[in-house]
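The opening residue of the sequence shown carries number 1 in the UniProt record's numbering; numbering runs sequentially from there.
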Amino acid sequence: HIFVATCFQEKKKWRLLFFCSLVSHYARRNYECDEPERSSSMSIFKMQTYNVSLCLLLELMLIFSHGSCSYFFYGSSLNCSELCSCNEDSLEATLKEYDLAVNPDVGQEKYKSAVDLTHHEQVSTYSSLLGFLTTWLNQIVRIQCKLSDGRSYLASALVNGVDYLMFTALHVKCNKGERLVWDLAPSRTSLIVFVSDGCIFIPDNPRKGITIPMNAWIWAVTSPDPNIFNSTEVRYTMNTVSLSISESKAKYLPSKWRDTYMISAAKINLNRNHLESFDCPLRFTKTLEVMNLANNRLTKFPPCFVESGNSKIIYLSLTHNRITDISALNDQTDSTFVSSIRIINLSHNKIESLQSFRVMDDLTVLDLSFNSIKEISNDAFLNLQYVQQIYLEHNLIHTVRPYAFTMNTKLNVLDLAHNQVTEMSQEQLPTSLTGSPLSVNLKNNALPYTPFKNCARGNFYNPMIEISMSSNPLICDCKMIEFDQCTRWLDKLGINNVSSRSVFKDIEELTCASPKETAGKKVTGMDFLRSCIIVDKCPDKCSCQLENTNSVLVNCTARRLLEMPDALPAVPYASIKLHLSHNPLQMLTYRSYLQDLVELHVDNCLLTTVTPAAMAALQDIKVLTLHNNLLPKLPSSTKNITLKRATNVTLHNNRWECSCDSLWLPRWLSKHKSALWMPGKILCNYLRKPVEDLSEVDLNCSSTAYMDTFLAVSLVLSSLISTLVIVFCYRTEINLLLYSKLGIRLGSNFSYGDLFHPYDVFVSYSQDNYKWVVDTLVPHLENGANKYRLCLHYRDFPPGESVVENIPWAIRLSRCSILVLSKDFLRKEWCIMEVRAAFQRMLLVSNRLIIIATDDISPEDLTTDLQAYMNTHDYLRASEPCFWEKLEMFLPPRQNVGESQSAMSLEDPAAGDSKPRKELSDGEVEEESMGYASDPSAR
1 HIFVATCFQE KKKWRLLFFC SLVSHYARRN YECDEPERSS SMSIFKMQTY
51 NVSLCLLLEL MLIFSHGSCS YFFYGSSLNC SELCSCNEDS LEATLKEYDL
101 AVNPDVGQEK YKSAVDLTHH EQVSTYSSLL GFLTTWLNQI VRIQCKLSDG
151 RSYLASALVN GVDYLMFTAL HVKCNKGERL VWDLAPSRTS LIVFVSDGCI
201 FIPDNPRKGI TIPMNAWIWA VTSPDPNIFN STEVRYTMNT VSLSISESKA
251 KYLPSKWRDT YMISAAKINL NRNHLESFDC PLRFTKTLEV MNLANNRLTK
301 FPPCFVESGN SKIIYLSLTH NRITDISALN DQTDSTFVSS IRIINLSHNK
351 IESLQSFRVM DDLTVLDLSF NSIKEISNDA FLNLQYVQQI YLEHNLIHTV
401 RPYAFTMNTK LNVLDLAHNQ VTEMSQEQLP TSLTGSPLSV NLKNNALPYT
451 PFKNCARGNF YNPMIEISMS SNPLICDCKM IEFDQCTRWL DKLGINNVSS
501 RSVFKDIEEL TCASPKETAG KKVTGMDFLR SCIIVDKCPD KCSCQLENTN
551 SVLVNCTARR LLEMPDALPA VPYASIKLHL SHNPLQMLTY RSYLQDLVEL
601 HVDNCLLTTV TPAAMAALQD IKVLTLHNNL LPKLPSSTKN ITLKRATNVT
651 LHNNRWECSC DSLWLPRWLS KHKSALWMPG KILCNYLRKP VEDLSEVDLN
701 CSSTAYMDTF LAVSLVLSSL ISTLVIVFCY RTEINLLLYS KLGIRLGSNF
751 SYGDLFHPYD VFVSYSQDNY KWVVDTLVPH LENGANKYRL CLHYRDFPPG
801 ESVVENIPWA IRLSRCSILV LSKDFLRKEW CIMEVRAAFQ RMLLVSNRLI
851 IIATDDISPE DLTTDLQAYM NTHDYLRASE PCFWEKLEMF LPPRQNVGES
901 QSAMSLEDPA AGDSKPRKEL SDGEVEEESM GYASDPSAR
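What follows is the structure, given as structure tokens:
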């Protein structure tokens with residue numbers, strides 16, 4: 001009313017102004033009552049608002065009858081600050097420009113089809129009071145200031161020079177963090193637009209703070225000051241349509257804002273702050289167009305938006321936050337309040353799962369894109385029966401349950417692009433649509449096959465669906481036949497201009513990803529009905545193809561297969577052709593699929609055998625190629641098999657063995673002559689004569705010939721067996737004869753020690769055999785032609801020491817050992833455990849023991865280990881003929897290695913100091929003895 005008062009010069013007219021001011025004051029006092037009184041006073045407020053409007057009209061009528069206000073409508077000169085630029089512009093254009101500038105998230109293209117926010121009528125309570133007069137007050141002074149010197153400025157200095165009564169828009173941009181000190185009075189009703197961009201915005205009086213003028217339609221502050229919310233007073237924003245405070249570091253809204261009513265607010269923009277929670281401190285008397293809380297640090301969906309009267313919002317933006325908890329949006333069985341929000345934007349958050357949403361009949365758009373959702377359950381959107389657009393792109397969705405969107409009959413946009421969806425069917429979408437066509441975006445998913453591929457079977461429920469599905473890893477195999485049939489059926493349908501291009505919007509962009517034969521090809525350029533590739537159950541290294549939907553071709557040619565495939569793909573009512581040519585196959589064996597084949601190509605392989613079961617399974621074959629192989633014959637059971645459907649059989653260039661057993665083959669070839677390819681080239685391997693011309697005369701297959709062959713084979717086998725028996729029984733005599741005459745040793749089982757051992761032979765005997773050993777054995781061996789070096793314990797063992805303890809060392813230092821066995825030895829010495837242990841260790845090391853029996857010993861006299869050794873090795877009897885020749889044959893051969901050194905006794909230092917050896921333990925003696933026996937000559 002201040003600008004009205006300036007138009008009056010006569011005192012009598014102040015009475016009417018004073019009366020109207022009192023009415024307005026009374027209305028405002030009731031409006032600002034406490035919470036318990038508000039409900040009862042609101043009706044009074046509405047009535048008094050009407051009285052205020054009537055007073056304003058009376059005042060303006062007085063203005064029109066008086067000439068003192070003419071300068072207000074015709075304007076005045078501008079005297080702008082030197083820091084700023086000023087110009088007059090249209091009020092409507094200026095408001096729209098700044099409205100879009102300070103609310104960048106409003107009017108997104110993706111939401112325009114649901115709610116057009118850019119053309120929504122934005123009218124303040126004050127402008128509604130002025131009514132038709134706004135058409136004459138449609139001019140505004142735009143003041144634009146750019147500060148870049150880092151200094152502080154008063155707001156009043158920037159608007160100085162502009163008439164106090166003229167509508168003003170002040171836009172201050174600070175480039176270097178300049179300080180803008182607010183010193184304008186709240187009663188300055190002509191300032192209707194204020195924008196502070198990048199300035200440190202502070203009040204001139206910290207106690208009072210920054211009071212937003214009551215007539216400021218647009219108030220936008222972008223400031224890094226974390227105290228900007230605490231400094232701002234919003235109690236007098238009677239006509240503020242758009243309030244924007246952004247880019248501060250504030251975490252919470254001040255408590256003084258709580259329960260403050262904004263009667264004209266249409267857009268609240270608090271984006272790009274650091275808000276961690278929001279509990280709806282402000283109250284609004286009419287529906288908000290926009291509540292923008294984007295780019296903050298919220299972790300939970302504010303429950304106040306859906307559980308109180310503050311839910312009268314058209315567009316709620318919570319994008320680019322850190323929200324993981326949306327439980328406030330879940331179905332609440334104990335809640336009767338129904339939210340009236342129309343658009344909820346929860347994109348770019350951290351939501352991982354969806355529960356069943358609560359009933360929100362006014363909800364039109366739900367944006368959940370750019371989250372981490374993995375699955376869409378059947379009841380997630382069950383209660384959102386009026387939702388029109390659902391955005392789920394750029395999530396991690398891999399599963400969409402069968403009835404996820406069935407109840408959303410008003411749905412017209414479903415965006416599932418950039419997910420991991422592997423399957424989409426009609427059952428997952430609404431079966432009927434009551435609005436515009438449903439656009440389903442499935443681009444950049446993991447779909448191996450196109451959705452709705454079986455629509456040609458009469459399962460296409462709703463032709464109002466439009467699908468986009470490019471950039472998926474499509475498998476262009478024979479399962480795409482149904483999609484091919486579906487597109488052909490849609491093109492022939494001719495209902496409401498429905499076609500394959502209208503349903504599958506980007507069908508021209510669909511590209512095959514696999515198999516490798518079709519990778520990179522356009523789906524529309526392929527005729528799957530004429531030829532397609534089979535992937536399932538196709539053998540490794542092979543390619544499988546379905547031709548004309550009734551013939552399966554399995555091509556395994558030249559794939560280096562060593563065996564036949566175990567299984568082949570089966571297609572109902574389709575014949576199978578198998579190509580196995582040019583593989584190193586050696587055997588054609590039975591497989592269950594052989595009986596289903598119409599063609600089998602096994603030529604140019606290495607086949608040597610065809611099993612009877614395989615041949616029996618091929619009775620219905622049409623084409624059988626076996627040429628250029630190594631087949632000597634076919635199974636004899638083939639003579640009872642007739643290839644009744646065969647049209648082409650090849651058998652040439654094989655190694656056919658023409659014998660009396662295969663005389664049936666010429667007759668079999670003659671029976672199938674019409675199917676054989678060049679039967680005259682099927683030749684016998686050695687006769688080089690066509691098999692079809694063979695007869696018994698050619699093969700000499702009479703009964704006399706059979707008898708002669710049988711006698712000859714029997715004579716050869718008898719002679720061979722007799723010879724083997726004689727050699728085995730007289731093997732010792734034969735070896736002796738060869739050794740004595742030719743010096744050849746055959747079948748020796750002994751592994752002699754190294755040639756440079758100190759001794760050739762260690763002789764072990766009992767006292768009863770002492771005389772025979774000393775008088776007979778030793779002279780013969782030491783003085784004979786070979787002059788063996790013998791180790792005897794009475795002569796070579798250290799005197800005074802136990803004979804038993806020196807036996808292991810004697811065995812170790814000798815190339816072989818002789819055991820003179822007698823009944824007395826078995827009765828006395830062999831019973832000593834140390835003697836037996838020493839000889840058993842020697843037997844484990846190698847076969848270097850020669851046994852000479854001086855008495856007639858029966859098997860009952862022998863111990864188990866000696867009996868086992870004598871049963872598997874030859875031993876000598878002193879009384880048998882040619883004893884000395886046989887003994888020399890078993891002894892190690894002597895070679896000319898230079899002048900033989902004198903026999904080395906165990907006491908000789910040259911043979912090694914024996915004292916340290918005697919200090920070794922029994923385990924070390926055995927270990928050393930075993931190690932010596934493993935030298936190269938012993939092995």
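Built from N, CA and C at the ideal position, the CB exists for glycine as well.
| In chain order, what residues of the same chain have a beta carbon less than 8 Å from the beta carbon of Leu170, not counting five sequence neighbours either side? | Apart from sequence neighbours up to five positions away, the residues of its chain that approach Leu170 with a beta-carbon distance below 8 Å are Ile143, Cys145, Ala155, Leu158, Val159, Leu191, Val193, Phe194, Val195, ordered along the chain.
| Glu508 classed as buried or exposed, judged by whether at least 16 other C-beta atoms fall within 10 angstroms | Looking at its Cβ environment, which holds fewer than 16 other Cβ atoms inside 10 Å, Glu508 is exposed.
| said: Restricting to Cα atoms, I'd like to know which of Cys816, Glu423, Ile313 is closest to Asn472. | reply: Answer by Cα proximity: Glu423.
| Cα-Cα separation, Thr189 to Thr168 | Each residue's Cα considered, the two are about 9 Å apart.
| request: Quick one: grab the DSSP three-state call for Cys532. | output: It is a strand residue.
| task | Measure the alpha-carbon distance for Pro451 versus Cys280 and round it to whole angstroms. | result | Rounded to whole angstroms, Pro451 to Cys280 spans 44 Å at the Cα level.
| query | So, helix, strand or coil for Ser902, using DSSP? | reply | Note that Ser902 scores a pLDDT of 39, beneath 50, so its modelled location is shaky and nothing firm can be said.
| request: Classify Phe483 as buried or exposed, calling it buried when 16 or more other Cβ atoms lie within 10 Å of its own Cβ. | output: Within a 10 Å sphere around the beta-carbon of Phe483 sit 16 or more other beta-carbons, which makes this residue buried.
| request: Report yes if the CB atom of Val306 is closer than 9 Å to the CB atom of Arg342, and no otherwise. | output: Against a cut-off of 9 Å, the Cβ pair of Arg342 and Val306 comes out as no contact.
| query | With 16 as the cutoff for other CB atoms within 10 Å, does Pro226 come out buried or exposed? | reply | Here Pro226 is exposed, its C-beta having fewer than 16 other C-beta atoms within 10 Å.
| query | Going along the chain, which residues of its own chain have a beta-carbon closer than 8 Å to the beta-carbon of Asp204, five neighbours each way excluded? | reply | So the qualifying residues of the chain are Leu154, Val181, Trp182, Asp183.
| request: Put Arg401 into one of helix, strand or coil per three-state DSSP. | output: Looking at Arg401 - three-state DSSP - the assignment turns out to be coil, as it is neither helix nor strand.
| field | Collapsed DSSP secondary structure at His873 in the structure displayed | value | In the structure shown, His873 sits in coil (DSSP, three-state: anything other than H, G, I, E or B).
| Straight-line CA distance for Arg812 to Ser802? | Arg812 and Ser802 have their C-alpha atoms spaced approximately 17 Å apart.
| task | Please confirm if the segment 393 to 412 is in contact with the segment 365 to 375, defined as three or more CB-CB distances below 8 Å between the two stretches. | result | Counting Cβ pairs under 8 Å, three or more are found: they touch.
| request: Please work out which residues of its chain come closer than 6 Å, Cβ to Cβ, to Asp603, disregarding the five sequence neighbours upstream and downstream, and give them in chain order. | output: Within the same chain, Cβ atoms closer than 6 Å to the Cβ of Asp603 are found at Ser581, Thr625, His627, Asn628, the five residues on either side in sequence being excluded.
| Classification of Lys577 by the beta-carbon crowding that lies within 10 angstroms, buried from 16 upward | Flag for Lys577 reads buried.
| Would you call the segment 488 to 508 and the segment 547 to 554 touching, i.e. three or more CB-CB distances under 8 Å? | Output reads no: the segment 547 to 554 does not touch the segment 488 to 508.
| Considering only residues of the segment 284 to 367, which uninterrupted alpha helix (DSSP H) runs meet the minimum length of 4 residues and lie entirely inside it, listed in chain order? | Runs found: 304 to 307.
| Are the segment 209 to 221 and the segment 238 to 254 touching by the rule of at least three beta carbon pairs closer than 8 Å? | Touching, yes, given that three or more Cβ pairs across the two stretches are closer than 8 Å.
| Between Pro666 and Glu696, which are expected to be in contact by the criterion C-beta below 8 Å, what is the C-beta distance as a whole number of angstroms? | Not a contact, Cβ separation roughly 11 Å.
| request: Can you grab the Cα-Cα spacing for the pair Arg655 / Leu683, in whole Å? | output: About 8 Å.
| field | Identity of the residue in Phe337, Lys312, Asp99, Asn175 nearest Ile344 by Cα | value | Per the C-alpha coordinates, the member of Phe337, Lys312, Asp99, Asn175 positioned closest to Ile344 is Lys312.
| Contact check, Ser327 vs Lys300, beta carbons under 9 Å | A contact, by the Cβ cut-off of 9 Å.
| field | Extent of the continuous alpha helix (DSSP H) run through Lys492 | value | 481 to 493 is the span of the alpha helix (DSSP H), which, as asked, contains Lys492.
| message | Spatial neighbours of Glu657 within its chain, please: C-beta separation below 7 Å, excluding the five flanking residues on both sides. | response | Correct list, in chain order: Pro632, Lys633, Asn685.
| task | Rank Ile140, Lys112, Cys80 by C-alpha distance to the C-alpha of Asn96 and give the top, closest one. | result | Residue 96 is actually Lys in this sequence, not Asn. Ranking Ile140, Lys112, Cys80 by Cα distance to Lys96 puts Ile140 first.
| message | I believe Pro437 touches Leu474 by the beta-carbon criterion, under 8 Å. Please report the beta-carbon distance rounded to the nearest angstrom. | response | By a beta-carbon distance limit of 8 Å, Pro437 does not contact Leu474. Their separation comes to about 24 Å.
| task | Name, in chain order, the residues that DSSP records as bridge partners for Ser196. | result | For Ser196, which the question treats as bridged, DSSP gives the partners Val172, Val221.
| field | Residue interval of the alpha helix (DSSP H) (run including Lys823) | value | The continuous alpha helix (DSSP H) containing Lys823 extends over residues 823 to 827.
| query | Going straight from the alpha carbon of Glu276 to that of Met214, what length do you get? | reply | Their backbone Cα atoms lie some 29 Å apart in a straight line.
| Would you report the Cα separation of Ser347 and Ile263, rounded to the nearest angstrom? | Approximately 30 Å between the Cα atoms of the pair.
| Cβ-based burial, Arg795 [other Cβ within 10 Å; buried from 16] | Classification of Arg795: exposed, given that the 10 Å Cβ count is below 16.
| query | Got a sec? Which residues, its chain only, sit under 8 Å from Val820 by beta carbon, not counting five neighbours each side? | reply | The beta carbon of Val820 sits closer than 8 Å to those of Val763, Ser764, Tyr765, Ser766, Asn769, Trp772, Val773, Leu777, Ile852, Thr854, all from its chain and outside the five residues before and after it, given in chain order.
| query | If you draw a straight line from the alpha carbon of Leu329 to that of Leu442, how long is it in whole angstroms? | reply | The alpha-carbon separation between Leu329 and Leu442 amounts to approximately 26 Å.
| Leaving out the 5 sequence neighbours to the left and right, which residues in its chain are closer than 6 Å to Glu121 when beta-carbon positions are compared? | Note that Glu121 scores a pLDDT of 46, beneath 50, so its modelled location is shaky; the value from the coordinates is reported in the next line. Closer than 6 Å at Cβ, skipping near neighbours: no residue.
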